[in-house]
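Just below is one structure, and these are the notes that go with it.
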Amino acid sequence: MIKFIKKNKHRVSIIPGFNLSLGITIFYISFIILIPLISIAVVTNDITWQKFTSVILDSRVIASYRVSFICAFTAAVINCCFGSILAWVLVRYEFPGKNLIDGLIELPFAIPTAVAGISLAALYSPAGLIGQFLVPIGIKIAYSPIGISMALIFVTIPFVVRTVEPVLKNIDPVFEEAAYTLGAGKFTIFRRIILPELIPALLLGGGLAFARAVGEYGSVIFIAGNMPFKSEIVPLLIMIKLQQFNYTEATSIAIVMLLFSFLIMFAINSLQIYQQRFIRGGR
Numbered sequence: 015m016i017k018f019i020k021k022n023k024h025r026v027s028i029i030p031g032f033n034l035s036l037g038i039t040i041f042y043i044s045f046i047i048l049i050p051l052i053s054i055a056v057v058t059n060d061i062t063w064q065k066f067t068s069v070i071l072d073s074r075v076i077a078s079y080r081v082s083f084i085c086a087f088t089a090a091v092i093n094c095c096f097g098s099i100l101a102w103v104l105v106r107y108e109f110p111g112k113n114l115i116d117g118l119i120e121l122p123f124a125i126p127t128a129v130a131g132i133s134l135a136a137l138y139s140p141a142g143l144i145g146q147f148l149v150p151i152g153i154k155i156a157y158s159p160i161g162i163s164m165a166l167i168f169v170t171i172p173f174v175v176r177t178v179e180p181v182l183k184n185i186d187p188v189f190e191e192a193a194y195t196l197g198a199g200k201f202t203i204f205r206r207i208i209l210p211e212l213i214p215a216l217l218l219g220g221g222l223a224f225a226r227a228v229g230e231y232g233s234v235i236f237i238a239g240n241m242p243f244k245s246e247i248v249p250l251l252i253m254i255k256l257q258q259f260n261y262t263e264a265t266s267i268a269i270v271m272l273l274f275s276f277l278i279m280f281a282i283n284s285l286q287i288y289q290q291r292f293i294r295g296g297r
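15 is the number of the first residue of the sequence shown in the working numbering; add one for each residue after it.
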């Protein structure tokens with residue numbers, strides 16, 4: 015046993031040594047992530063605090079914040095519900111066409127977001143295949159926050175499904191069978207055995223979907239209508255500022271979105287850690 019431990023302790027890795035690997039990792043992260051983000055702060059270095067606050071607190075900007083965050087949160091919540099059901103069906107059941115449906119989950123990642131936006135606009139516009147029947151009865155999807163939420167649901171559904179799916183695969187059915195033999199109902203089994211295991215995955219998948227939806231641009235602009243104070247999203251407002259060569263205001267708004275993204279990811283990781291400790295403590 016001692017020889018085996020010593021052998022593993024001094025085993026040779028197939029990748030470079032720790033110092034070289036760490037150096038490559040830091041360089042890659044800095045070059046790809048940190049330097050572009052730092053450049054945003056550099057651009058706004060010359061702007062005064064008063065000008066910065068006036069830009070980010072402008073009524074039009076605040077309205078775009080509200081539209082982006084409400085629609086992103088709505089899409090994340092809907093995807094957490096229906097994405098979990100979809101993952102459950104793919105994991106627990108066998109049926110014809112399962113592999114095809116499983117492959118379609120990745121479609122929003124594969125196709126350009128602009129294609130998704132054009133398709134949704136053609137489908138739900140007042141003259142679209144579905145929109146022409148909904149508009150006469152007072153349901154307007156395209157060119158409204160509802161259409162934005164629809165586009166965000168389409169784009170972010172893979173985050174939830176692919177996060178929840180491996181957790182469901184790892185849940186041992188023995189615990190469910192034991193609870194059933196002890197007289198527990200289906201709802202009790204789901205609430206006491208399955209749901210505690212899914213909550214960390216739902217927090218992660220829903221958080222990733224929310225963070226992705228807040229910054230979505232391509233699939234939204236074609237169906238949003240882009241009306242200020244009604245259906246204008248923050249990424250579009252940033253693009254408008256850039257087209258006007260107003261880089262300072264564009265980067266000011268971008269910094270706010272960047273801070274929101276950091277806060278979202280920090281909250282997600284904190285909730286995950288708390289939930290995992292809670293589950294371990296309960297066991």
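Here a beta-carbon is modelled for each residue, glycine too, at the ideal position from N, C-alpha and C.
Of the listed residues the options, nearest to residue i (C-alpha basis)
i    : options                   : result
A165 : I99, F45, V181 and I247   : I247
M241 : F45, K65, S158 and L217   : S158
R74  : I47, Y261 and I252        : I252
A141 : V56, I155, A130 and W63   : I155
A55  : I287, L218 and V270       : V270
I47  : A281, I282, N283 and L272 : L272
F276 : A225, I213 and T262       : A225
F243 : N33, I153 and V81         : V81
A128 : E230, F109 and N184       : E230
E179 : F147, I99 and F280        : I99
A268 : F32, Y79 and Y42          : Y79
D186 : F32, F83 and R106         : R106
C95  : A215, I49 and Q64         : A215
Own chain residues within Cβ distance below 7 Å of residue i, not counting five before or after
i    : result
W102 : L182
I282 : L217, L218 and G221
I144 : L137 and Y138
K200 : none
A135 : A156, F236 and I237
T88  : S163
V149 : P140
A264 : I252, K255 and L256
S245 : V81, Y157, S158, P159, I162, A238 and G239
Q64  : none
Beta carbon of residue i nearer than 8 Å to that of residue j
i    : j    : result
Y124 : A223 : Strictly speaking, residue 124 in this sequence is Ala, with Tyr absent from that position. Result no, Cβ atoms of A124 and A223 do not sit closer than 8 Å.
N93  : I208 : no
I237 : P172 : no
V138 : G161 : The residue you asked about is not Val; residue 138 is Tyr in the sequence shown. Contact: yes.
For residue j and residue i, believed in contact at Cβ under 8 Å, the rounded distance
i    : j    : result
G221 : I278 : 6 Å
S266 : G131 : Actually they do not touch by this definition, with Cβ atoms about 26 Å apart.
T177 : L218 : 5 Å
L104 : K112 : 7 Å
A227 : V169 : 7 Å
S163 : C85  : 5 Å
T262 : I61  : 5 Å
L250 : I235 : 6 Å
6 Å CB neighbourhood of residue i in its chain, flanking five on each side removed
i    : result
L285 : L217
G97  : I171, V174 and V175
V69  : E263 and S266
I19  : Because the pLDDT of I19 is 44, which lies under 50, any placement of that residue in the model is unreliable, and the question is left without a value.
A77  : F243
Neighbourhood of residue i by C-beta, 8 Å cutoff - its chain only, sequence neighbours within 5 removed
i    : result
I203 : E190, A193 and Y194
L51  : L272
I16  : Residue placement at I16 cannot be trusted, given a pLDDT of 45 that sits under 50; what the coordinates show is reported in the next sentence. Closer than 8 Å at Cβ, skipping near neighbours: no residue.
A198 : R206
K21  : For K21, the pLDDT reaches just 47, beneath the cut-off of 50, and the residue's location in the model is therefore unreliable, although a value from the coordinates is still provided. Taken in chain order, the list of residues that qualify is empty.
beta-carbon residue i near the ligand COA non-hydrogen atom, thresh 7 Å
i   : result
S44 : What this structure holds is no ligand at all, so the ligand COA is not there to describe.
Taking only runs that begin and end inside the region 155 to 213, name each unbroken alpha helix (DSSP H) of 4 or more residues, in chain order.
159 to 184, 187 to 195 and 200 to 203
At 3 residues or longer, and completely inside the region 51 to 84: list those beta strand (DSSP E) runs for me, N to C. none
Review point. Residue ranges of each alpha helix (DSSP H) run of no fewer than 4 residues wholly in the region 101 to 134, ordered along the chain?
Key: 112 to 118 and 121 to 124
With a floor of 4 residues, list each alpha helix (DSSP H) that falls wholly inside the region 218 to 245, ordered by position along the chain.
235 to 238
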